[in-house]
Every structure is written in structure tokens, then in C-alpha cells.
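Data first, discussion second: the structure below is written as C-alpha cells.
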Amino acid sequence: MYQWGRKDAFPGAAGSTITATTIEENNAQTILIYDATGNKLTEGTTGVKSVDINTSGVLNGNTSQVYTIKNPLSFVYNLIGPWDWYTNTDAHNDALWGDNAKKSAYDPCPNDWHMPSRGTWNDLSSTAFPYYIGGEQISSGDITTTNGRLYNVMAWFPATGHRYRVSGALTNVGSIGCYWSSSVSGTNAIRLRFNMSVVNLNSPYYRAYGYPVRCVQE
């Protein structure tokens, strides 16, 4: 999972325990990660270190970019809107992930892949059928066409939940899915968001949240 514009990922959840009758999972365990010598890198119950952007040593000028590169598991938050990990001013950096341009230096995708721009998901349906929890189909329906197009290739977007913009804690695992795009909207960034009721194809939200990404091929 990534705060928007950062090049290094935070570990996600090691699965979900929700059921058809218990559909909120805010106590998911973090995937454990280790360094080359076998030392565990995740911290505390959330797996990351939550750091206020105004903490001494975090800002270099008006940005935390140098700090976050040196401290990839530090989840930087800002208690003042618009809740951007990058700066405590209005000097947001819209080019960190390219913003509809070519692959940027901070794009987390591998070679020959890049972050998707807004509009990538426009051919998805805005309804959420079928919906499964623990392998059990909760909502029925069979969508095969969207916008007049017929597809024979399926894509799987797990409901991974997200990391909350202040604590970095994993929340909504198994019930909500959010995926970052490279695009921005004002002080926010554009995401794909869905739950069992609706799919928001181009939803702007705070850049300090931690969401997974789905790379697209160049």
C-alpha cells in the first residue's frame, strides 16, 4: 500500500476474517516483512511507524520527501487539511506519479509498467455485482457488458481495505477496495473505490491515505 506519490510500499493485510454477517475488519494483521539478515521490519500493531509531518527532522524546507525516502516504513501524516504527507503548505507536488504524463522517477511500478491515469477504469460497471465474502456469493448478478463493449478477460480487484491517513492502521479489510491512479484533482488524488453497494470510478481523496496500486503495461 502506498501514500500517493511515494515510491516505497507499506505492507498490507495478511488476509481477512470477515463473514457474511460480520463485514467490517479493522483488526487485520499486517503482513510481516524482514531485512536481509532476518530482522523483522514492521513496527507495533499497525506494522508502520506513524510520524507527524511537523516532527523535528521530518521536513526539509517545506517537504518530507527526503525523510520518507530514508525512512520508507514511516507513515507521515498531517493533522491539518488537505492531509498530504508531502508538505505542510499548499505546495503540493502533482508530478510525483506523473499525473497523466510518462512514468516518473517515483512511480512504484516495474520497468515497462506505470501507474494508471484517471479514466483507466471507466469501462468498469458502476454497480458491484456479484459480491463474495469468504467464497460465499452475497449479491447476485452477472455483468458481461459495459459501455457497449464485451470483454472475455476478467480482472480481480481484492477488497484490501486501506491504511488510515493519520495512524497508518489497516481498516475496512475485506469490505472496501481503493486503488490509486497517477492523477490528481486539486489537493486530492484520484482513486478507484468500491464496496458491496457501489463502484466509484474516479473518486478524489486525501493523498495521505495508504492504498494499493494496480500497474498498467506501457
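Residue 293 in this note's numbering is what sits at position 156 of the sequence shown, and the numbering runs on without skipping anything. Every residue, glycine too, gets a C-beta built ideally from N, C-alpha and C.
Candidates the options: closest to residue i by CA position
i           : options               : result
residue 148 : 331, 299, 254 and 256 : 299
residue 225 : 190, 231, 257 and 211 : 190
residue 325 : 227, 171 and 146      : 227
residue 185 : 170, 171, 210 and 246 : 210
residue 166 : 320, 328, 308 and 350 : 308
residue 321 : 292, 340, 243 and 335 : 340
residue 327 : 240, 150 and 258      : 258
residue 243 : 145, 343, 337 and 218 : 145
residue 251 : 234, 335 and 343      : 234
residue 208 : 199, 195, 218 and 240 : 195
residue 343 : 199, 218 and 241      : 218
Through-space distance from residue j to residue i, alpha-carbon basis
i           : j           : result
residue 352 : residue 311 : 21 Å
residue 153 : residue 222 : 27 Å
residue 297 : residue 193 : 33 Å
residue 168 : residue 179 : 8 Å
residue 216 : residue 302 : 9 Å
residue 317 : residue 212 : 17 Å
residue 173 : residue 138 : 21 Å
residue 256 : residue 229 : 22 Å
residue 332 : residue 314 : 6 Å
residue 177 : residue 171 : 4 Å
residue 366 : residue 248 : This structure does not reach residue 366, given that the chain is present from 138 up to 355, and the question cannot be answered.
residue 355 : residue 293 : 20 Å
residue 335 : residue 260 : 15 Å
residue 214 : residue 304 : 8 Å
residue 295 : residue 241 : 26 Å
residue 245 : residue 329 : 17 Å
residue 338 : residue 201 : 30 Å
residue 199 : residue 239 : 26 Å
Residue i and residue j closer than 7 Å at C-beta
i           : j           : result
residue 197 : residue 203 : yes
residue 220 : residue 306 : no
residue 143 : residue 205 : yes
residue 140 : residue 347 : yes
residue 319 : residue 231 : no
Any chain D beta carbon closer than 7 Å to residue i
i           : result
residue 302 : No chain D appears in the structure shown, which is made up of a single protein chain.
Exposed unless 16 or more other CB atoms sit within 10 angstroms - verdict on residue i
i           : result
residue 151 : exposed
residue 253 : buried
Tell me the start and end of each unbroken beta strand (DSSP E) in the region 188-252 that is at least 3 residues and wholly inside, in chain order.
-> Segments of the beta strand (DSSP E) lying fully in the region 188-252: 211-214.
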